[in-house]
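From first to last, the protein sequence lines are chains R and Y. Per the working numbering, residue -12 is the first one in the first sequence, and the count goes up by one each step. Per the working numbering, residue 162 is the first one in the second sequence, and the count goes up by one each step. We put the beta carbon where it would ideally sit given N, CA and C, even for glycine.
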Amino acid sequence: HDGTKLKDEL
Amino acid sequence: MNIFRLAGDMTHLMSVLVLLLKIHTIKSCAGISLKTQELYALVFAARYLDIFTHYYSLYNTVMKLIFLGSSFSILWYMKRHKVVRRSYDKDQDTFRHHFLVLPCLVLALLINEKFTFKEVMWTFSIYLEAVAILPQLVLLQRTRNVDNLTGQYVFLLGAYRGLYIINWIYRYFAEPTYSTHWITWISGLLQTLLYADFFYYYINSVKNNVRLQLPA
């Protein structure tokens, strides 16, 4: 799982 | 993007606009904690390090710019504007906010998803955001009589957090590729719980149509 996945949130 | 996430972002945006409106039109920042505003500026600066390196959507980039721009202009108004800065409740806003920053940084170094600079800074911003409202809540408690715009500002911030939790629950069930995000979820839940007490008094004051007054 890519650790940056949730970064589409603000 | 789901409706809860959008509604959350919009209440977040409205909270910032209410605050800027108060400062810009009434030329007063009475009741607003500079400590909390400094923490939010730090939260956004640490979290949005990817703004020019990673593109998600136009919406994402524009919102990031708005949050960065607004938080630093609020700081400018409260510290530098010759009229606004005089209304700052300096003697009441005494929370030692630096003592929040270091534990959050240590925690981010210890508990993160990936030990890289950007990832640790992002995690640090998540932890710091969870507690950044504390100086503001303490200031409200001290002032007790809360003016309408300040009350609305804190209410909108709390609503934003609550909506983000519903958004995570929705994403968890609606998006097959969406995995568990314990760091964000636990921090977000803690952050929302901090508002519970304020919400209770705020909703009562709206219901009874009286000025918001916090107990001593």
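Round the Cβ separation of residue i and residue j to the nearest angstrom and send it over; I've been treating them as touching at under 8 Å.
{"i": "V315 (chain Y)", "j": "L301 (chain Y)", "result": "7 Å"}
{"i": "Q297 (chain Y)", "j": "R322 (chain Y)", "result": "In fact, because the Cβ distance is near 13 Å, the residues do not count as touching under 8 Å."}
{"i": "I212 (chain Y)", "j": "K196 (chain Y)", "result": "In fact, because the Cβ distance is near 25 Å, the residues do not count as touching under 8 Å."}
{"i": "L289 (chain Y)", "j": "G169 (chain Y)", "result": "Actually they are not in contact, since the Cβ atoms of L289 (chain Y) and G169 (chain Y) sit about 19 Å apart, beyond 8 Å."}
{"i": "V179 (chain Y)", "j": "L317 (chain Y)", "result": "6 Å"}
{"i": "A207 (chain Y)", "j": "F285 (chain Y)", "result": "5 Å"}
{"i": "I287 (chain Y)", "j": "S348 (chain Y)", "result": "5 Å"}
{"i": "I184 (chain Y)", "j": "V245 (chain Y)", "result": "6 Å"}
{"i": "Y362 (chain Y)", "j": "G319 (chain Y)", "result": "Actually they do not touch by this definition, with Cβ atoms about 12 Å apart."}
{"i": "L174 (chain Y)", "j": "I227 (chain Y)", "result": "7 Å"}
{"i": "G114 (chain Y)", "j": "D358 (chain Y)", "result": "Since the displayed chain Y opens at 162 and closes at 377, residue 114 (chain Y) lies outside it and no answer follows."}
At what residues does the alpha helix (DSSP H) containing residue i begin and finish?
{"i": "Y216 (chain Y)", "result": "Premise fails: Y216 (chain Y) is in no alpha helix (DSSP H) and is neither H nor E."}
{"i": "A269 (chain Y)", "result": "259 to 271"}
{"i": "Y201 (chain Y)", "result": "195 to 208"}
{"i": "D170 (chain Y)", "result": "164 to 187"}
{"i": "V245 (chain Y)", "result": "Where V245 (chain Y) is concerned, there is no enclosing alpha helix (DSSP H), given that its DSSP letter is neither H nor E."}
{"i": "K275 (chain Y)", "result": "Counting along the chain, K275 (chain Y) falls outside any alpha helix (DSSP H), and DSSP gives it neither H nor E."}
Which chain R residues are close to residue i, counting only those with a beta carbon under 9 Å from its beta carbon?
{"i": "M224 (chain Y)", "result": "L(-3)"}
{"i": "Y217 (chain Y)", "result": "K(-6), D(-5)"}
Using the beta-carbon of each residue, which ones in chain R are nearer than 8 Å to residue i?
{"i": "S333 (chain Y)", "result": "Residue 333 (chain Y) is actually Tyr in this sequence, not Ser. The contacting residues do not exist; Y333 (chain Y) stays about 12 Å from chain R at best."}
{"i": "N221 (chain Y)", "result": "D(-5), L(-3)"}
{"i": "F228 (chain Y)", "result": "L(-3)"}
Please classify residue i: is it buried, with 16 or more other beta-carbons within 10 angstroms of its beta-carbon, or exposed?
{"i": "T186 (chain Y)", "result": "exposed"}
{"i": "Y333 (chain Y)", "result": "exposed"}
{"i": "N328 (chain Y)", "result": "buried"}
{"i": "V177 (chain Y)", "result": "buried"}
{"i": "T172 (chain Y)", "result": "buried"}
{"i": "E336 (chain Y)", "result": "exposed"}
{"i": "Q313 (chain Y)", "result": "buried"}
What residues of chain R sit near residue i, judged by a beta carbon separation below 7 Å?
{"i": "Y314 (chain Y)", "result": "Correct list: empty, because the minimum Cβ distance to chain R is about 18 Å."}
{"i": "D211 (chain Y)", "result": "K(-6)"}
Following a CB-centred definition, is residue i positioned closer than 7 Å to any heavy atom of the ligand FAD?
{"i": "I187 (chain Y)", "result": "With respect to the ligand FAD, the structure offers nothing, as it holds no ligand at all."}
May I have a chain-ordered list of the alpha helix (DSSP H) segments no shorter than 4 residues that lie completely inside the segment 305 to 374 of chain Y?
Runs of the alpha helix (DSSP H) inside the segment 305 to 374 of chain Y: 309 to 335, 343 to 355, 357 to 368.
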